[in-house]
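The structure appears below as structure tokens.
In full-length UniProt numbering, the protein residues as written are 1 to 307.
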């Protein structure tokens with residue numbers, strides 16, 4: 001694909017100036033549009049939608065077995081949970097959760113909810129152990145300083161790898177709280193425990209108030225959460241630093257795009273003036289070739305520090 005060289009209007013800047021890689025539909029294109037319409041209607045009404053049994057028992061078992069040896073660190077504060085095991089930078093440690101990141105059902109909604117080339121903001125494992133207390137209610141995109149009410153700047157999934165029950169720490173949501181202004185939850189607000197069998201998933205907007213529930217049972221409750229954001233925002237996790245290129249080369253095209261190997265038009269995310277996917281095409285240790293020639297050196301020249 002050849003980039004347009006004549007930029008005469010601002011409309012010309014709505015495309016990818018790097019110009020080499022065409023945007024292609026995500027795996028979400030395989031989901032029937034009627035299902036996506038219903039999901040979006042539920043999100044507009046409640047702020048969340050629950051999909052049951054997207055993963056088989058065998059898939060949940062494989063994820064559980066892969067993650068178990070890595071779960072050793074507990075939360076550093078009451079928000080993370082002193083009796084909650086957490087795993088960050090999951091994509092750099094295992095391929096077991098890739099299917100949760102690029103599953104067609106959430107991608108189909110994200111394709112219509114967010115702008116093209118939306119990003120993965122975070123991927124974390126959360127294992128709530130017996131005796132953990134309820135988490136402080138919050139909404140995920142609160143750290144972006146834009147007043148409410150407003151459209152969500154991102155969305156998230158929480159995948160139940162174990163059954164979610166009211167007793168074992170199922171996520172608690174406040175239905176329709178995504179439409180609130182800057183008010184906080186009160187004791188009179190109706191709370192709903194997200195009760196769902198293992199293999200199910202809740203998808204919710206970044207403006208929905210929610211939190212982890214208390215675990216009053218004798219068994220842990222394992223979940224994986226993937227969070228997504230608009231392509232012009234800074235993600236929670238710096239995946240381009242934490243995920244080595246040899247791993248980025250083997251994940252799906254959807255995950256590559258969501259890690260940041262993509263362009264938000266006209267050039268947000270470029271590397272040395274080029275599309276970042278070129279980095280994955282080069283052999284290990286190769287020196288990157290620049291599209292832009294360095295300026296000619298002149299005697300007694302002073303570096304230009306303006307715009």
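C-beta: ideal position from N, C-alpha, C; glycine also.
- Sequence-distant Cβ neighbours of residue 52 in its own chain, meaning closer than 7 Å and more than five residues away, are 196, 197 and 200.
- Straight-line measurement puts the Cα of residue 129 at about 36 Å from the Cα of residue 261.
- A residue is called buried when at least 16 other Cβ atoms come within 10 angstroms of its Cβ; residue 121 meets this threshold and is buried.
- Here residue 148 is near residue 180, since their CB atoms are less than 8 Å apart.
- Runs of alpha helix (DSSP H) with 4 or more residues, each lying fully within the stretch 6-82, are found at 33-46 and 57-67, listed in chain order.
- Check the Cα spacing between residue 132 and each of 101, 225, 77 and 177: the tightest is with 77.
- Less than 8 Å divides the Cβ of residue 259 from the Cβ of residue 243.
- With a minimum length of 3 residues, the unbroken runs of beta strand (DSSP E) contained wholly in the stretch 177-210 fall at 201-205.
- By the beta-carbon neighbour count (other beta carbons within 10 angstroms, threshold 16), residue 184 is exposed.
- If you compare the alpha carbons of 167, 221 and 116 with that of residue 265, the shortest gap goes to 116.
- CA-CA distance, residue 49 to residue 174, rounds to 12 Å.
- Residue 63 and residue 29 do not touch by the CB rule: their CB atoms are close to 25 Å apart, not below 8 Å.
- Shown here, residue 240 sits in a helix according to DSSP, grouped into three states.
- With 16 or more other CB atoms across the displayed protein chains lying within 10 angstroms of its CB, residue 105 is buried.
- Exposed is the label assigned to residue 45, since fewer than 16 other Cβ atoms lie within 10 Å of its Cβ.
- For the pair residue 87 and residue 73, the Cα-to-Cα distance works out to about 7 Å.
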